[in-house]
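Reading through the structure tokens given below for one structure.
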Amino acid sequence: MNKIKLLSRLQDFFNADKKKKKKRFEEIEGVIKKLKVKENKIKKMLNACQDVEMKKALQLEVNIIQAQIDKGKTVLKDL
Amino acid sequence: MIKNSLFFLLLGLLALGFWLSADFKTIVAGIAIFLFGMLSLQQGFKAFTGGTLERILRNTTDSTIKRLLFGITTTTLMQSSSLLSVLVISFISAGLLDLAAGIGIIFGANLGTTTGAWLVAGFGLKVDIAGYAMPLLVFGVILQLTKQKNLQGIGQILLGLGFLFLGIQYMKDGFDAFKGNIDLSQYAMIGMRGLLTYVLVGIVITVIIQASGATMVLIIAALASQQISYENALALAIGSNIGTTITAILGALGANIKGKRLAGAHVLFNVFTGVLAIVLLDQFVWLVDVLCHYAGIATDDYTLKLAMFHTVFNLVGVIIMLPVCEPMARFLEKVMQEKKATVDLPRFLTVSALQYPDTAVESVYQETRHLYENASHIILKAIGLHRRDVYSEQDLDEVINKYPVIKDYDIDEAYERNIKGLYSAIIEFVSQARFTWEMQQSGRLHWLRDANLQLVEAVKGVKHLQKNLLKQNRSYNHYLVDEYHRIRYQVAMVIRELGKIKNSEVVDELPLLSMDMLKGRIKEQRQTAIEIIENLIREHKISAEAGTSLLNDNAYVYDIQSNLLSMAETVFINYATDSVKAEKELALTDHELLEVLNPSRH
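Order-wise, the sequence lines are chains E and V.
To convert, take the position in the first sequence, counting from 1, and add 352; that gives the working numbering.
To convert, take the position in the second sequence, counting from 1, and add 14; that gives the working numbering.
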């Protein structure tokens with residue numbers, strides 16, 4: 353094993369926690385991205401919807417997704 | 015289809031007969047009035063079965079002779095063994111009487127029915143019986159109008175007797191008039207061919223009329239007017255004895271296994287005595303002649319001789335069969351065994367799965383999904399829907415409108431069959447496994463056990479819901495109907511959404527976070543429902559009683575939904591995936607959800 357390879361491995365070992373954090377960050381970011389896609393989809397449905405009750409249900413979904421996104425953003429900030 | 019066709023064919027033939035012959039009309043009217051009399055008599059005696067008959071039955075079953083006498087006396091009084099059979103079946107079912115004792119009573123009842131022939135032959139045909147019928151009918155109607163139950167019962171009995179007498183008179187008159195126009199005696203047959211043919215005719219007539227007493231009166235009336243020969247009348251009596259078992263068989267179709275066994279004993283006895291009478295007919299005829307000689311019955315009094323024959327061959331049957339009551343009961347219990355309800359058994363819980371923690375957890379997980387399938391099926395059935403519709407793409411409102419009427423569904427039976435056994439097996443498996451392993455698997459099993467409990471609670475919740483759902487679903491008040499439509503929608507909606515999560519259709523759409531949507535929806539639905547119900551009560555669109563029932567039912571719906579969601583969180587979400595781990599950090603708590611639902615309050 354050459355010196356460069358050995359140093360790289362040692363760096364990996366000491367930065368394991370950072371790596372984990374990075375992975376977690378990316379995953380939460382991924383979830384937020386998916387939530388935003390979902391939110392846009394529901395918003396489109398909401399605009400097209402005529403039924404009052406259905407509109408109410410869709411609006412609730414948008415609000416919940418927004419709350420989840422906000423929570424996700426707070427988690428990301430803390431990381 | 016065939017049954018209906020035969021029924022209409024019979025009606026058509028009767029109508030044709032009425033059109034062709036006025037005498038035929040009189041005879042058939044006599045049978046109809048006689049049968050109506052029998053029904054009235056039974057109804058009248060039913061008024062006294064609230065205690066007296068049961069008390070006598072309870073006190074007279076300790077010896078074979080007492081059982082036999084009880085059967086004879088009761089059937090003689092009621093002129094029908096049907097009511098007694100029902101009573102005996104209920105006693106056997108309740109464990110107050112064993113099958114052998116019941117058989118003894120039924121033998122006695124068979125002997126009791128033969129007294130009808132004596133009454134008709136000795137009294138009915140020799141006096142103007144219709145003269146007695148009229149006062150009986152008058153007194154019967156007057157007593158029927160009283161308020162006392164016992165007097166009403168007596169009135170019904172008198173009415174029954176009056177109609178019986180009137181029916182006999184009509185049959186007698188019909189045959190007398192018939193004699194002037196058509197001579198049925200020209201169809202008399204002799205020898206074995208005649209015997210078997212008339213036995214068959216007797217069977218067919220009794221199967222159609224479904225009352226051997228009425229058939230016997232018909233035979234006696236025909237014999238008295240010499241429309242049939244004595245030999246053929248004997249064969250008809252044997253046939254009627256065999257044919258009467260059809261009533262027992264039909265009655266037993268709707269009865270439990272104990273009722274079926276008793277009907278089996280009835281069939282065995284009647285067929286045996288029938289065959290015995292056919293084989294030993296000459297000996298029986300000789301015995302009847304000897305007995306009639308000693309009883310002072312004239313040799314040409316064929317109607318009384320027929321009554322004697324009817325009694326003798328039944329009595330011989332009882333004498334032969336009574337000692338074998340016990341073995342007969344054992345035989346019937348062996349041959350006619352209770353079909354055990356097909357209980358759904360566990361598919362994944364095996365002893366070998368207990369050996370390894372991971373396989374044990376996986377088995378319980380799979381079995382819980384199995385239980386969910388059964389539970390969701392029961393829940394949907396109880397609200398009058400089918401899985402295939404709920405899991406389809408069709409709009410849920412349309413699905414519910416497709417089934418506006420909810421059929422009564424036996425949840426208790428379904429629970430016993432599809433839930434209880436599985437649930438018990440899961441609990442037993444978990445309790446055998448959970449303390450022996452490391453923490454991780456034990457914890458998982460603990461959550462799975464709770465998920466199963468939540469499923470069972472959901473099924474119990476729908477049982478509470480079912481009562482009002484069945485009642486109010488057909489209400490004239492459309493506000494109530496709309497609210498129960500909403501209830502059905504809410505339950506079906508959760509099951510449809512869970513179906514999507516379970517089948518991983520929304521994996522990419524974040525299953526755990528989708529649960530938040532569902533939780534939010536059910537909370538909001540509940541709030542909306544309460545507001546709507548309160549408005550309906552305030553505006554007097556529904557009564558306060560109906561409103562409180564609706565509020566209770568909405569609470570049941572919320573419990574059902576919550577239990578299903580909690581179960582799904584444990585069972586349908588795969589927490590091992592990285593994506594779900596990330597979702598967990600974004601999932602809203604109950605408090606956060608309420609903040610979204612009611613932003614102004616927070």
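In this text, a Cβ means the ideal position worked out from N, Cα and C, and glycines have one as well.
Below the 7 Å Cβ cutoff, chain E contributes 412 as neighbours of residue 538(V), in chain order.
For residue 383(E), the neighbours in chain V by C-beta distance under 9 Å run, in chain order, 524, 527, 593, 596, 597, 599 and 600. The beta carbon of residue 513(V) sits no closer than 7 Å to any beta carbon of chain E. Nearest C-alpha to residue 508(V) among 373(V), 386(V), 340(V) and 445(V): 386(V). Closer than 7 Å at the C-beta level to chain V, one finds these residues of the region 413-424 of chain E: 413, 415, 416, 419, 420, 423 and 424. Looking only at 180(V), 256(V), 230(V) and 191(V), the smallest Cα-Cα distance to residue 210(V) is reached by 256(V).
Under the DSSP assignment, residue 593(V) falls in the alpha helix (DSSP H) whose first and last residues are 592-600.
Under the criterion of beta carbons closer than 8 Å, residue 416(E) and residue 604(V) do not qualify as touching, at roughly 13 Å. Listed in chain order, the alpha helix (DSSP H) elements of length 4 or more contained wholly in the region 330-406 of chain V are 339-349, 371-396 and 401-404. If one requires a minimum length of 4 residues, the alpha helix (DSSP H) runs lying completely within the region 444-523 of chain V are 453-486 and 492-516, in chain order.
Taking a beta-carbon distance threshold of 7 Å, residue 391(E) does not count as an interface residue toward chain V. Out of 358(E), 361(E) and 383(E), the CA that lies nearest to the CA of residue 427(E) is found in 383(E). In terms of Cα proximity to residue 373(V), the closest of 444(V), 474(V), 401(V) and 279(V) is 444(V). Exclusion of the five residues before and after residue 394(E) leaves 410, 413, 414 and 417 as the residues of its chain whose Cβ lies within less than 8 Å of its Cβ.
Listed by position along chain E, the residues whose Cβ is nearer than 8 Å to that of residue 606(V) are 419 and 423. Residues of the same chain with a CB within less than 6 Å of the CB of residue 175(V), apart from the 5 flanking positions on each side, are 150 in chain order. Contact between the region 118-130 of chain V and the region 70-84 of chain V is present, with at least three C-beta pairs closer than 8 Å. Straight-line spacing of the CA atoms in residue 143(V) and residue 306(V) works out to 24 Å. Identification of chain V residues near residue 427(E) by a Cβ-Cβ cut-off of 8 Å yields 599 and 600, ordered along the chain.
Within chain E, the residues 415, 416 and 419 have their CB atoms less than 7 Å from the CB of residue 610(V), given in chain order.
Counting the other CB atoms within 10 Å of its CB gives residue 309(V) a total below 16, which places it among the exposed residues. Counting C-beta pairs with one atom in each stretch, the region 218-235 of chain V and the region 171-190 of chain V have three or more that are closer than 8 Å, which means they touch. Residue 613(V) counts as exposed, since fewer than 16 other C-beta atoms from the protein chains shown sit within 10 angstroms of its C-beta. A residue is called buried when at least 16 other Cβ atoms come within 10 angstroms of its Cβ; residue 300(V) does not meet this threshold and is exposed. Secondary structure at residue 423(V): coil, using DSSP grouped into helix, strand and coil. For residue 409(E), the chain V residues whose Cβ falls inside 7 Å of its Cβ are 535, in order along the chain.
Listed by position along chain E, the residues whose Cβ is nearer than 8 Å to that of residue 530(V) are 416 and 420. Residue environment for residue 497(V): buried (at least 16 other C-beta atoms within 10 angstroms of its C-beta). The continuous alpha helix (DSSP H) containing residue 572(V) extends over residues 558-585. Below 8 Å, too few C-beta pairs join the region 406-414 of chain V and the region 331-340 of chain V to call them touching: fewer than three.
By the C-beta criterion, the region 244-264 of chain V is judged to be in contact with the region 213-231 of chain V, since at least 3 inter-stretch pairs fall below 8 Å. In the structure shown, residue 99(V) falls within a helical segment according to DSSP collapsed to helix, strand and coil. Counting of Cβ neighbours within 10 angstroms places residue 437(V) among the buried residues, the total reaching 16 or more.
If you ignore the 5 residues before and after residue 602(V), its C-beta comes within less than 6 Å of the C-beta of 530, all in its own chain and listed in chain order.
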